[in-house]
Amino acid sequence: MFNKLQPRLGIQAKRKPLPYRYFQTVINDGRPDILFHWHPELELTYVQEGTARYHIDNDFFNGETGDIILVRPNGMHSIHPINGETHVIETFQFHLDMIGSSVGDQVTNRYLQPLQDSTYKFLPCIKPDMPGYNALKDCLFLIFSLSKEEDRHFELLLKAKLHEFLYLLYYHRYVIRKYTDDIHRKNEKIRELVAYINNNYHQSLTVDFLADFIGYSKTHFMAIFKQHTGSSCTEFIIQVRLNKACELLVNSSKPIVEIANGIGFNNLSNFNRQFKQYYDMTPSHYRKQYTKTKESCSLISSNISNN
Numbered sequence: 001m002f003n004k005l006q007p008r009l010g011i012q013a014k015r016k017p018l019p020y021r022y023f024q025t026v027i028n029d030g031r032p033d034i035l036f037h038w039h040p041e042l043e044l045t046y047v048q049e050g051t052a053r054y055h056i057d058n059d060f061f062n063g064e065t066g067d068i069i070l071v072r073p074n075g076m077h078s079i080h081p082i083n084g085e086t087h088v089i090e091t092f093q094f095h096l097d098m099i100g101s102s103v104g105d106q107v108t109n110r111y112l113q114p115l116q117d118s119t120y121k122f123l124p125c126i127k128p129d130m131p132g133y134n135a136l137k138d139c140l141f142l143i144f145s146l147s148k149e150e151d152r153h154f155e156l157l158l159k160a161k162l163h164e165f166l167y168l169l170y171y172h173r174y175v176i177r178k179y180t181d182d183i184h185r186k187n188e189k190i191r192e193l194v195a196y197i198n199n200n201y202h203q204s205l206t207v208d209f210l211a212d213f214i215g216y217s218k219t220h221f222m223a224i225f226k227q228h229t230g231s232s233c234t235e236f237i238i239q240v241r242l243n244k245a246c247e248l249l250v251n252s253s254k255p256i257v258e259i260a261n262g263i264g265f266n267n268l269s270n271f272n273r274q275f276k277q278y279y280d281m282t283p284s285h286y287r288k289q290y291t292k293t294k295e296s297c298s299l300i301s302s303n304i305s306n307n
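Heads up: the sequence shown begins at 1 in UniProt numbering, then just goes up one per residue.
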């Protein structure tokens with residue numbers, strides 16, 4: 001399941017029969033705030049510009065220009081803007097089946113399967129001054145180029161370069177053993193809870209109910225949730241609801257009061273206050289500003305297609 005919590009404005013993506021996906025993400029003026037999600041694909045990202053706050057599994061760090069950022073298959077991860085700063089990244093996602101994880105030979109069993117089944121994970125951020133960085137960057141840039149240009153028989157070289165990239169990660173010891181069984185169980189419970197919140201954000205979600213949902217005491221639940229997500233449960237629910245509000249404000253003509261009620265805010269003034277706190281503008285201002293942006297992007301795309 002590719003559990004993408006929100007559409008990413010500023011992304012240019014293309015899908016192919018091979019199990020991979022290349023796209024660029026532009027975070028600007030605090031948008032988008034990419035909340036916790038996961039997918040079965042391995043994710044390779046290069047930071048072209050700016051800084052943003054990353055949360056990958058239990059690791060928190062600032063991704064900065066030149067960083068290579070790695071997400072294991074099914075790793076929970078999020079990206080958050082910092083003070084409205086522009087942050088531009090290129091990303092390549094691919095399923096390990098693309099390079100033979102389902103074959104079952106010695107190489108698969110030793111190197112690929114432990115990544116797919118979460119026995120191993122990556123050191124999440126490789127800085128320019130770390131060992132092997134230049135070789136990894138050159139290889140990653142060629143992977144990006146191959147996926148964009150799609151020259152004759154590019155698939156063969158693309159698969160070879162993905163193997164090379166993984167080889168470099170193993171060689172420079174950026175692949176490490178993951179969790180103890182206890183931490184893994186807690187991570188799975190939080191994953192289940194995040195999915196529940198994402199599917200039921202419009203309902204009344206109390207801390208008592210959610211703690212009972214995953215079988216923890218209220219105190220233990222609040223501590224575990226904060227440890228795994230970096231925010232309180234209440235704050236996370238508000239973020240999920242506000243992200244849905246942004247989507248509805250731009251993509252529908254529903255009245256603001258109807259949007260607020262539909263995403264779980266029973267009090268319009270509370271919704272307006274929370275929205276302005278997170279986005280530094282009112283819902284009506286947000287709708288006006290980003291609907292125009294969307295229309296401008298659609299017009300540009302239409303003109304390009306016609307030419």
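Cβ atoms here follow ideal geometry from the backbone N, Cα and C, with glycine treated the same way.
Fewer than three beta-carbon pairs drawn from the region 162–177 and the region 200–216 are found closer than 8 Å, and the two stretches are therefore not classed as touching. The beta-carbon separation of I68 and L140, rounded to 6 Å, stays under the 8 Å limit for a contact. Counting every other CB atom within 10 Å of its CB across the protein chains shown gives S253 a total below 16, marking it as exposed.
Rounded to whole angstroms, the Cβ separation of I259 and L248 is 5 Å, and the two are in contact under 8 Å.
Per DSSP, G63 is one residue of the beta strand (DSSP E) stretching across 59–63. In the structure shown, T282 falls within a coil segment according to DSSP collapsed to helix, strand and coil. Residue state for N198 is assigned as helix, using DSSP reduced to three classes. Here Q113 is not near P40, since their CB atoms are 9 Å or more apart. Between I99 and T45 the beta-carbon gap is near 18 Å, outside 8 Å, which marks them as no contact. Cβ neighbours of Y133 within its own chain (closer than 8 Å, five residues either side excluded): I68, I126, K127.
A Cβ-Cβ distance of about 6 Å is found for the pair Y201 and K244, placing them in contact under the 8 Å criterion.
In the three-state reduction of the DSSP assignment, N243 falls in the helix class.
With 16 or more other Cβ atoms inside 10 Å of its own Cβ, P32 counts as buried.
Excluding five sequence positions before and after G30, the CB atoms of its chain that fall closer than 6 Å to its own CB belong to P81, G84, given in chain order. In this structure, E43 keeps its C-beta atom at 9 Å or more from the C-beta atom of G66. In this structure, the CA atom of V240 is about 25 Å from the CA atom of V47. Taking the Cβ atoms as the reference, E150 lies roughly 10 Å from L18, outside the contact range of under 8 Å. For H153, no alpha helix (DSSP H) segment is defined, and its DSSP state is neither H nor E.
I27 is the residue among S284, D97, T234, I27 whose C-alpha sits nearest the C-alpha of E64. A direct Cα-to-Cα measurement between R185 and V194 gives close to 14 Å. DSSP places T45 in the uninterrupted beta strand (DSSP E) bounded by 42–49. Here the alpha carbons of N272 and N261 stand approximately 12 Å from one another.
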